[in-house]
Amino acid sequence: MITQIMQMLADPKLIIPHMLGGLRRLMVRKISKDGKLFYQYKGELYPGYLNHGNAQSFISEKALAYCDGTGIDVGADRWPLAGAIPILNEATQNAYKLDNFQDGSLDYIFSSHCLEHLGNWQDALALWIRKLKKGGIIFLYLPHESMKLWHRGGPWVGGHHKWRPTYKIVIPFLQKHGVEILEFNPFRDECWSFHIVGKKSA
Numbered sequence: 021m022i023t024q025i026m027q028m029l030a031d032p033k034l035i036i037p038h039m040l041g042g043l044r045r046l047m048v049r050k051i052s053k054d055g056k057l058f059y060q061y062k063g064e065l066y067p068g069y070l071n072h073g074n075a076q077s078f079i080s081e082k083a084l085a086y087c088d089g090t091g092i093d094v095g096a097d098r099w100p101l102a103g104a105i106p107i108l109n110e111a112t113q114n115a116y117k118l119d120n121f122q123d124g125s126l127d128y129i130f131s132s133h134c135l136e137h138l139g140n141w142q143d144a145l146a147l148w149i150r151k152l153k154k155g156g157i158i159f160l161y162l163p164h165e166s167m168k169l170w171h172r173g174g175p176w177v178g179g180h181h182k183w184r185p186t187y188k189i190v191i192p193f194l195q196k197h198g199v200e201i202l203e204f205n206p207f208r209d210e211c212w213s214f215h216i217v218g219k220k221s222a
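In the numbering used here, the protein residues as written are 21 to 222.
As structure tokens, this is what we get:
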């Protein structure tokens with residue numbers, strides 16, 4: 021531990037990001053309002069439950085109406101969609117590596133709050149689409165751009181979020197890769213997130 025601290029102090033490339041992360045966290049204030057916890061950041065109030073994980077619970081009912089048959093939940097972590105095969109971030113299987121599934125073999129792919137963690141998200145999403153059967157469903161649940169605490173470099177995510185997904189970016193990509201858009205919500209829901217549902221048509 022002492023060695024790591026000394027290395028950070030000796031290398032500005034290590035100490036500066038650490039200091040900035042600490043400063044960003046100090047910019048977030050906890051506020052109690054009407055008996056409920058909120059976080060205040062850059063003039064906005066965000067509900068306390070947004071910092072507890074398990075975002076998929078806010079969309080699972082709708083997702084299960086589309087996701088039927090054999091499918092996977094990419095980035096499932098501890099909270100996979102019911103009935104889906106969870107795909108974690110492991111060396112042998114992850115968002116970029118789905119060798120256990122043949123191309124054109126899956127009925128659906130669900131993913132909640134994963135795509136924003138991927139620097140090469142285009143490669144990952146193209147792979148997911150390739151694994152779907154014709155007529156297969158892709159269901160994406162993503163952080164809404166209005167949620168500043170989840171922006172890249174923000175106090176809650178630091179550098180773990182690589183980019184900021186929006187429907188204006190993701191939908192054209194899906195369509196270009198043979199996915200028909202069945203439904204999407206451009207607005208934020210109670211989890212400050214939005215969803216896109218598509219069907220592989222080619």
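No residue lacks a Cβ here, since even glycine has one placed at the ideal position from N, Cα and C.
If you're wondering where the values come from, they're calculated on a predicted model, not measured in any experiment.
For residue j and residue i, the rounded distance between their alpha carbons
i, j, result
"Leu70", "Cys211", "6 Å"
"Gly68", "Tyr59", "6 Å"
"Ala75", "Ser132", "7 Å"
"Gly139", "Pro100", "22 Å"
"Gly173", "His181", "8 Å"
"Ser125", "Gly55", "49 Å"
"Leu57", "Ala111", "38 Å"
"Tyr161", "Ile79", "8 Å"
"Gly41", "Val177", "Below a pLDDT of 50, predicted positions are generally treated as unreliable, and Gly41, at 46, falls in that range; the measurement from the model is reported next regardless. Going by the C-alpha atoms only, they are around 9 Å apart."
"Phe159", "Tyr86", "8 Å"
"Lys163", "Lys196", "Note that residue 163 is Pro in the sequence shown, not Lys. Rounded to whole angstroms, Pro163 to Lys196 spans 22 Å at the Cα level."
"Trp170", "Gly95", "17 Å"
"Ala104", "Cys134", "15 Å"
Delimiting residues of the beta strand (DSSP E) encompassing residue i
i, result
"Ser1", "The structure shown does not extend to residue 1, since the chain spans only 21 to 222, so no value can be given for it."
"Leu65", "64-67"
"Gly139", "Where Gly139 is concerned, there is no enclosing beta strand (DSSP E), given that its DSSP letter is neither H nor E."
"Gln60", "56-61"
"Asp93", "91-94"
"Pro100", "Careful: Pro100 lies outside any beta strand (DSSP E) and carries neither H nor E."
"Lys53", "49-53"
Distance between beta carbons of residue j and residue i, contact taken as under 8 Å
i, j, result
"Asp97", "Leu108", "7 Å"
"Lys154", "Lys220", "6 Å"
"Ile129", "Gly91", "6 Å"
"Phe214", "Asn205", "5 Å"
"Pro106", "Asp88", "Actually they do not touch by this definition, with Cβ atoms about 17 Å apart."
Segment limits, alpha helix (DSSP H) that includes residue i
i, result
"Leu84", "80-86"
Exposure label - residue i; buried when at least 16 CB within 10 Å
i, result
"Asp143", "exposed"
"Leu43", "Bear in mind that the predicted position of Leu43 carries a pLDDT of just 43, short of 50, making it unreliable; the figure below should be weighed with that in mind. Answer is exposed; the Cβ neighbour count stays below 16."
"Phe207", "exposed"
"Gly218", "buried"
"Gly156", "buried"
"Met47", "exposed"
"Trp148", "buried"
Residue i CB to nearest heavy atom of the ligand MG below 7 Å
i, result
"Ser77", "Looking for the ligand MG in the displayed structure turns up nothing, as the structure carries no ligands at all."
> Unbroken beta strand (DSSP E) runs of length 3 or more, entirely within the segment 149-217: which are they?
Replying inline: 152-163, 199-204
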